[in-house]
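Notes follow the structure.
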Amino acid sequence: MGTQAPANWEEQPLTTLPGIGPKRAAQFAELLGARRLNDLLCVLPRKYQDPACWVNSSDWGSVDGERVRYRGQVIKTWLFRPRGRRTVLGVRVEDKYGYVDALFFQQPWLRDRFQPGEELELEGKASARRGAKLLAPRLVSAAGEEVSGLEAVYPESGCLSSGQVAKAVQAAMDALLKSADDAGEDPANWVADPIPKSLRASLDLPALGAAWLALHRPLDREQVEAARRRLAFGEVLRFERARLAALPADGAPNASAREQRVWSRILARIPFALTSDQDAVLATLREELAAGRTIRRLIHGEVGSGKTVVAFAMALALAADGRQSAILAPTEILARQHLRTFQSWLQGSQLRLVRLLGDDPQSMRRAALADLAAGRAQIAVGTHALFGPGVSFADLGLVVLDEQHRFGVRQKGALVEKGEKPHVLTMTATPIPRTLAWAAYGALEPCVLRSRPGSGSEVTTRVHRPIAWRESISAEMAQRAAAGEAAFLVAPRIDGEGGLKALVASLREGPWAKLRIGVVHGRMMGAEIEAQVRGLAEGRLHALAGTTVVEVGLDVADVPQMAIFGAERLGLASLHQLRGRLARGLNARPARCEVFVAGDAFERLQVLEECCDGFQVAETDLRQRGPGLLRGLAQSGHGGFRVFDPIRDGDLVEALRREEIRNWLQDGG
Ligand code: ADP
Ligand code: MG
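Residue numbering for the sequence shown is 481 to 1149, as defined by this note's numbering.
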């Protein structure tokens, strides 16, 4: 069959294609969901291969191992069986310079297909060992016409090889093209595009049908990319529709006198005036609360921008409604810091705050769990101990994930599931591009805290080769530390050369020998770490040497010095977080951060000297670490993206803000 395309080609079953019987057709249906010819056209190619170059038999020595195209005349055919292997069909093909032996593996029946004197055009892998050979070739253009452009390569699927899928899809393409030609129609109209033409035109996207044609038979990579973007926009729209549908309808805003009173009581507990960014973020969240929505928001904020206030105010707002909040911190240091802050701001309040840390005494843990389960405690602050199966809430209404990148998706989900659709605030100091925030968190407008409250002081960063440390810098820092300028000394690893232990040992000699240096790292108990941190804060220690545990949220006011060793092991975003520990607090002094870096990373990290904006640093970081990271992130959260690319398709997400697109989506488009 297949010579005469039926008028309604798309309705035809796969068995109308050459080489596909009922058994094969069943495999296509099961593995690819393809039952009719038009289903086949929706199979996505995996990649594209550039057309191989035409070569002569005299070129063979220089193309060994490459894919090539070769044409010539059949001289003879023969079958042979290399020891222990399956039958090979040899076809000797001659051009004016000599001959090449084309070897077909495991297809002895093909022998009858080749007649001496016949002209052949083949593509395969050239081998120049023991004579000119063309391995596992395929016929390029049996009909003699030039095959131009890229070749679509399809994924294999179960027992269907990539080649079998390709053959079926391309045969379906032939059926489509023939039927369109017979009817005098544009083959690109084979499927209607749900996106109006005017919208497509404004985004420079091809029609859906044309996109699929281009994906299967592209002329060049530009055409493939345009087609991919059309499909990506489809995914963007699907995701956005689902997102909009998941938002509960706006209830009547409930900005009652009571709500006003609650908020003014909450704000009165915060011991400083909010920055305008904090104000704006809280206003947004307050509005959403009043509208009865389930809040799912990413709060982006530079280190030190004051995200804790947002968590605190929201927890109190929920408590005013009799609901509970869980504040999840990535480390014990940070959890203890939140506890201290919350306790001091809650002084004199009826609200009960409990902690859940890894090393809590049993009796304390039991009491905390009982208070949460009975609803006697309104706020829980803790680390991963909050995830535990033994932890249950009377009515968990808010989950705050601080510095979320430290936790797995599943762990976070486990906590969220302890409540009945609780509000979720994700706080991160690592800015990510808007596109990615949309894909991973489903929020088109992230809340952003940009300004750093009350701190006019600068952090000056210098990037050095490690050798510089032993010279003047060590002595200079020690001298300042002795004069009351506290210092953080950071080494990324605990053990080994250049590790924390080696660093501390070397500090005990030389200019630091007489100074008091505390040590913190991830293998210490939370309480121990806290004692050291307090030692620095209270001036009993001159310096705190630590691993990157100090990166996450450690809040000691007014530390003016930091040295980071082995910075080549750290990403830009981490380094930026680390230096964010400096010059904190209202009356902080200007600070300096000395970064020591070995090898090639020196160039990569120099951007830290000029750039102080975390968002800019993070963009550079993501670019340096490559798009794979972005893709992984986008896929980890919400699925359904097959071709959408958070880096390349940022403009398609941005386009969702456009009036015309919003209206069209609203009208059920
Ligand atoms: P983040 O978690 O965003 O890194 P924090 O919430 O820990 O930042 O705040 C950093 C420091 O700034 C804290 O000491 C906090 O008390 C202080 N702070 C926060 N907001 C303000 C403000 N509006 N005015 C003055 N100080 C503030
Ligand atoms: Mg914080």
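Note that beta-carbon positions come from the ideal geometry of N, C-alpha and C, so glycine has one too. Being a predicted model, the structure only gives us computed values, none of them experimental.
Query	Result
From Q1012, L833, L517, R1059, pick the residue whose C-alpha is nearest to that of A651; which is it?	L517
For F1076, report the span of its beta strand (DSSP E) as first-last.	1071 to 1076
Grab me the residues of I500's own chain with a C-beta within less than 7 Å of its C-beta, minus the 5 sequence neighbours each way, in chain order.	L494, A648
Would you identify the three-state DSSP class for G990, choosing helix, strand or coil?	helix
My output table needs one value for F968: the three-state DSSP class, helix, strand or coil.	strand
Can you list, in chain order, the residues of its chain whose CB lies under 8 Å from that of A854, leaving out five sequence neighbours each side?	A874
Give the DSSP-derived three-state secondary structure of L778 in the structure shown.	strand
Three or more C-beta pairs under 8 Å: does that hold for the region 755 to 774 against the region 782 to 801?	yes
Using alpha carbons as the reference points, say which of V548, C522, D519, D539 lies closest to P531.	V548
Confirm the yes/no value for this check: CB of D452, any heavy atom of ligand 1, distance under 7 Å.	Since the first residue of the chain shown is 481 and the last is 1149, residue 452 is not available in this structure.
Please look up how many angstroms separate the CB atoms of A687 and R697, rounded, as I've assumed it's under 8 Å.	That belief does not hold up - the Cβ atoms of A687 and R697 are roughly 15 Å apart, past 8 Å.
Taking the beta carbon of E812 as the centre, do at least 16 other beta carbons fall within 10 Å, making it buried, or is it exposed?	buried
So the candidates are V1039, D1035, D975; which of them puts its Cα closest to the Cα of E965?	V1039
Counting only the same chain and skipping the five closest in sequence on each side, list residues whose C-beta sits under 7 Å from that of K677.	none
Given 7 Å as the limit, tell me if S785 has its C-beta closer than that to any heavy atom belonging to ligand 1.	yes
Which of the three DSSP states is assigned to G893 in this structure?	helix
Buried or exposed: which applies to Q1041, given that a residue is buried once 16 or more other Cβ atoms fall within 10 Å of its Cβ?	buried
I believe F1121 touches V943 by the beta-carbon criterion, under 8 Å. Please report the beta-carbon distance rounded to the nearest angstrom.	No, F1121 and V943 are not in contact; Cβ-Cβ is about 37 Å, not under 8 Å.
Taking the alpha-carbon positions, what's the M907 to R709 distance?	31 Å
Answer with buried or exposed for E1139, where buried requires no fewer than 16 other C-beta atoms within 10 angstroms of its C-beta.	exposed
Can you tell me which residues form a DSSP beta bridge with F584?	L569
Check each candidate in T915, H780, M653, P498 and name the one with the smallest Cα separation from P1126.	T915
Going residue by residue through the region 1011 to 1091, where are the continuous beta strand (DSSP E) segments of at least 3 residues, counting only ones entirely within it?	1023 to 1026, 1041 to 1044, 1071 to 1076
Among R1020, H1022, A1068, which residue has its Cα nearest to the Cα of D1035?	A1068
Between E665 and chain D, is there a C-beta pair that is closer than 8 Å?	The chain inventory of the structure shown lacks chain D, comprising one protein chain alone.
On the three-state DSSP scale, how would you describe A632?	strand
In the DSSP assignment, what are the bridge partners of I997?	A1023
Does the region 939 to 953 come within contact of the region 1070 to 1084, defined as at least 3 CB pairs closer than 8 Å?	yes
Going by Cα to Cα distance, which pick from I1044, A690, E900, E720 is closest to R1142?	E720
Taking the continuous beta strand (DSSP E) assigned at P502, which residues delimit it?	Careful: P502 lies outside any beta strand (DSSP E), inside the alpha helix (DSSP H) at 502 to 512.
For E938, which residues in the same chain have their Cβ closer than 6 Å to its Cβ, ignoring the five residues on either side in sequence?	P1070
Taking the alpha-carbon positions, what's the W992 to L969 distance?	12 Å
Where S1089 and L1055 are concerned, what is the direct C-alpha to C-alpha distance, given to the nearest angstrom?	First, the residue type needs correcting, since residue 1089 is Glu and not Ser in the sequence shown. C-alpha separation (whole angstroms): 11 Å.
With distances taken between CB atoms, is the gap from C927 to R773 smaller than 8 Å?	no
What separation, rounded to the nearest whole angstrom, lies between the Cα atoms of W743 and G1065?	25 Å
Contact defined as beta carbons within less than 8 Å: I believe P588 pairs with L569. What is the distance between those atoms, to the nearest angstrom?	6 Å
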